[in-house]
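Shown next, in structure tokens, is the structure this report addresses.
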Amino acid sequence: LLPEESALRARVEELGFETLCVDGMRDASWDRASLAGMTALFRAERPDVVHIGASLTARLAARRAHVPAIVVTKHCAAEPCGALGRCKRRLVDTLAADKVVAVSRAVGEQLAAAGTPREKLCVICNGIMPVPPYDGGAREALRESLGLDRSRLWVGVAARLEAVKGVDLFLDAARRVLERRDDVRFAVFGVGS
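Our numbering puts the first residue of the sequence shown at 5, with every later residue one more than the last.
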């Protein structure tokens with residue numbers, strides 16, 4: 005279930021999976037206008053499990069449609085919040101999730117501190133493909149293909165360019181390094197707001 009304009013839609017369909025859309029569905033966690041449409045879709049499709057990345061609307065629609073299992077995966081650290089924020093997270097995760105999957109122990113601890121009930125949490129670390137070691141020739145070929153100056157040390161970050169990813173911390177660290185050294189360059193790779 006994706007918004008029609010989602011960049012992910014074409015890739016999912018290329019992999020042979022069906023995508024479903026709700027008319028007017030926005031790419032936002034809370035989309036009141038889509039709640040009834042999502043609820044109707046879940047009632048019609050009757051899934052046994054709904055796995056949700058970030059949509060509060062989908063959580064509530066799945067609960068309203070009596071989906072037997074609602075699983076939410078959290079990829080990012082929870083924003084620090086006060087007592088009211090912790091109560092809100094506890095309430096939402098208690099009522100609108102059967103399990104909350106954290107992609108690392110650190111994310112799990114931050115979610116618990118931010119109010120997610122520990123009995124709802126489980127950690128399933130992201131799987132990653134090991135990066136093959138680069139020999140000298142491959143490293144030089146990569147540098148050349150990217151147009152990177154060979155006399156410099158390059159440091160990069162590849163991420164979704166959203167505040168929660170902390171790219172601002174990377175940029176601050178880059179500024180501090182550049183105050184002390186002029187032989188280092190920094191690169192940021194990603195898309196986002």
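All C-beta atoms, glycine included, are put in the ideal place defined by N, C-alpha and C.
### Message
G119 and R94 - do their beta-carbons sit closer together than 8 Å?
### Response
yes
#### Entry: For L157 and V104, the rounded distance between their alpha carbons
40 Å
### Query
Residues in its own chain within less than 6 Å of A263 by CB, not counting five upstream and five downstream?
No statement about residue 263 is possible, as the shown extent of the chain runs from 5 to 197 and does not include it.
### Message
Count Cβ pairs between the region 106 to 117 and the region 74 to 91 that sit closer than 8 Å; are there 3 or more?
### Response
yes
### Message
So if DSSP puts C126 in a beta bridge, which residue, or which two residues, is it bridged to?
### Response
V105
### Message
Let's test the definition: count the other Cβ atoms within 10 Å of the Cβ of S38 and tell me whether it reaches 16, buried, or not, exposed.
### Response
buried
### Query
So L115 and A82 are in contact, right, with Cβ under 8 Å, and what is the actual spacing, rounded?
5 Å
### Message
What does the alpha-carbon distance come out to for the pair R21 and R13?
### Response
The amino acid at residue 21 is misidentified as Arg; the sequence shows Phe. Using only the alpha carbons, I get a separation of about 10 Å.
### Message
Could you check whether V188 and V159 sit closer than 8 Å to each other, using their CB atoms as the reference points?
### Response
yes
### Cβ-Cβ distance between T43 and A65 below 8 Å
yes
### Query
Based on Cα-Cα distance, which residue from A100, A117 and K169 lies nearest to A89?
Before going further, note that residue 89 is Gly rather than Ala in the sequence given. Here the closest residue by C-alpha is A117.
### Message
Could you check whether R36 and P7 sit closer than 8 Å to each other, using their CB atoms as the reference points?
### Response
no
### Message
Going by C-alpha to C-alpha distance, which of S33, A69, R154 and F46 sits closest to S59?
### Response
S33
### Query
Going by other Cβ atoms of all chains shown within 10 Å of its Cβ, with 16 needed for buried, is A69 buried or exposed?
buried
### Query
Under the three-state reduction of DSSP, which class applies to T77: helix, strand or coil?
strand
### Query
What did DSSP end up calling R189 once you bin it into helix, strand or coil?
strand
#### Entry: Cβ neighbour criterion (16 or more within 10 Å) applied to I56
buried
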